[in-house]
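In what follows, a single structure is set out as C-alpha cells and then discussed.
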Amino acid sequence: MERWAGKVAVVTGASAGIGAAIVEALVHHGMIVVGLARRVDILKDMAENLSEEKGRLYPLKADVSDEAQVIHAFQWVKENLKTLHVLVNNAGVLGDIPISEKLDTKVFLRIFDVNVIGLSVCTSEGLKLMQESGVDDGHIFHINSISGQYIHPTLGAGQYPYMASKHSVTVLAEGLRRELVEKKSNIRVTSISPGLVKTEIFDVSHDRRATTIFDNNPALNPQDIADALIYALGTPPHVQIKELTIKPVGEML
Ligand SMILES: NC(=O)c1ccc[n+]([C@@H]2O[C@H](COP(=O)([O-])OP(=O)(O)OC[C@H]3O[C@@H](n4cnc5c(N)ncnc54)[C@H](OP(=O)(O)O)[C@@H]3O)[C@@H](O)[C@H]2O)c1
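Okay, so the sequence shown: first residue is 272 according to my numbering, each after it adds one.
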C-alpha cells in the first residue's frame, strides 16, 4: 500500500457503514480521501477523529443521485487536489418493492438513481479527472453485492428491484473494464460483492426485515469489506482483481 500514500481517493457514501470503514482504512494508509455523502456533519466528525492519522479526510456534501451535485463535487476535487487516483463507488440504498403488486415507482427509481445512475455519473466524472491529470494507474471500485451475482433463494418478495440494480452494477463493472482495455488504459476496475454486512442500510431503507435480519443471519463487519478493498488496491499494478465475493461463514443467502 506504500505507493498509494499521498494519493487522492474519492469514496461515495462515506458517512456510514462500509463507506465509513473504507475511508478510515484509506486514511490510515496515508491517502488523501474526499468523502461524499448527504450527512456532511457526520463526515466532519469523522475528519476530526482521523486527524492524527497519516492521511486526511475532506468532507464533501453531495447526493450522488443528483448529477449537478456530482459534477460540482468532482470539480471541487479538481480545483483543490488537482487529481484523482482511486474512486470507490459505495453509496447505495435498498428498497422493499414487491414487483407482483402495484409498483412503488418512487422507491424503484430511487434505487436505480443511486445504485446505478449515480454510480455511473461518479465513474464518468472520476475517470475524466484521472485522465485529464495523467493518471493511468488509477483504480475504480464498485461496491456491488451478492445480490449482483445471483438471485437469492431465500430473501423473497420485495428484493428484486435491488437485485436488478446490483446485477446492473456487475455489467457496468465488467463493461468499464473492457472499455478501458480497448482504450489501452491501465486503470483497474474491481467489483466487491459482500454478503450480509452489519450496517444501517436496512433501517434507513425502511426494509421490513430491519429488526430481524441480523438476529437470523450471520453477518460481516464493515471492516471486513474495507480489508478486502485494501487487499485489491495493494496488489501490484499488473494484477487486476476483477471480482471479490465475500460471505460471512454460515451464510445461506
Ligand atoms: N449492508 C449490507 O448487507 C450490504 C451487502 C452487500 C452490499 N452492500 C452495499 O454496500 C454499499 C454500502 O452499504 P452500507 O450497508 O454500508 O449502507 P449504509 O450503512 O446505509 O450506508 C450507506 C451510505 O451511502 C450514503 N448514501 C445513501 N444515499 C446516498 C445518496 N443519494 N448520495 C450520497 N450518499 C448516499 C449514506 O450517506 P448519507 O445518508 O449521509 O447520504 C451512507 O454513507 C451499498 O452499495 C450496498 O448496496 C451492503
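Beta carbons are placed, not taken as given, at the ideal position from N, Cα and C, and that holds for glycine.
Predicted, not measured: the structure shown is a model, and the values here were computed from it.
Return yes when the C-beta of residue i is under 7 Å from any heavy atom of ligand 1, and no when it is not.
{"i": "GLY389", "result": "yes"}
{"i": "GLU396", "result": "no"}
{"i": "GLY429", "result": "no"}
{"i": "ALA362", "result": "yes"}
{"i": "ASN386", "result": "yes"}
{"i": "ILE458", "result": "no"}
{"i": "ARG310", "result": "yes"}
{"i": "SER336", "result": "yes"}
{"i": "PRO330", "result": "no"}
{"i": "VAL348", "result": "no"}
{"i": "LEU515", "result": "no"}
{"i": "LEU524", "result": "no"}
{"i": "PRO424", "result": "no"}
Which one of the options has the shortest CA to CA distance from residue i?
{"i": "LYS349", "options": "VAL406, GLY521, LYS513 and LEU380", "result": "VAL406"}
{"i": "ARG323", "options": "ILE313, HIS299 and ASP312", "result": "According to the sequence displayed, residue 323 carries Glu and not Arg. Nearest of ILE313, HIS299 and ASP312 to GLU323, Cα basis: HIS299."}
{"i": "THR483", "options": "GLU295, ASP495, LYS469 and ILE370", "result": "LYS469"}
{"i": "LEU352", "options": "VAL304, LEU365, LYS455 and PRO493", "result": "VAL304"}
{"i": "THR354", "options": "ASP408, ALA292 and SER336", "result": "ASP408"}
{"i": "SER418", "options": "LEU524, TYR502 and THR394", "result": "LEU524"}
{"i": "SER462", "options": "LYS455, ALA481, GLU471 and ILE411", "result": "ILE411"}
{"i": "LEU504", "options": "ASP474, ARG459, ASN488 and PHE383", "result": "ARG459"}
{"i": "LEU314", "options": "ALA497, LYS332 and ILE342", "result": "LYS332"}
{"i": "GLY466", "options": "ASN487, MET302, LEU491 and VAL442", "result": "LEU491"}
Can you find a C-beta in chain C that's less than 8 Å from the C-beta of residue i?
{"i": "GLU450", "result": "Absent from the structure: chain C. Only one protein chain is present."}
Within 10 angstroms of the Cβ of residue i, are there 16 or more other Cβ atoms? Answer buried if so, exposed if not.
{"i": "ILE422", "result": "exposed"}
{"i": "LEU374", "result": "exposed"}
{"i": "VAL452", "result": "exposed"}
{"i": "ALA339", "result": "exposed"}
{"i": "GLY290", "result": "buried"}
**Prompt:** In chain order, which alpha helix (DSSP H) runs of at least 4 residues are fully inside the segment 328 to 376?
**Reply:** The qualifying runs are 338 to 352.
**Message:** To test your reading of the DSSP string, which unbroken alpha helix (DSSP H) runs of 4 or more residues are found completely within the segment 443 to 494?
**Reply:** If we require 4 residues or more, the alpha helix (DSSP H) runs fully inside the segment 443 to 494 come out as 472 to 475 and 484 to 487.
**Message:** As an exercise, report each continuous alpha helix (DSSP H) stretch of at least 4 residues that is fully enclosed by the segment 279 to 322, in chain order.
**Reply:** If we require 4 residues or more, the alpha helix (DSSP H) runs fully inside the segment 279 to 322 come out as 288 to 299 and 311 to 320.
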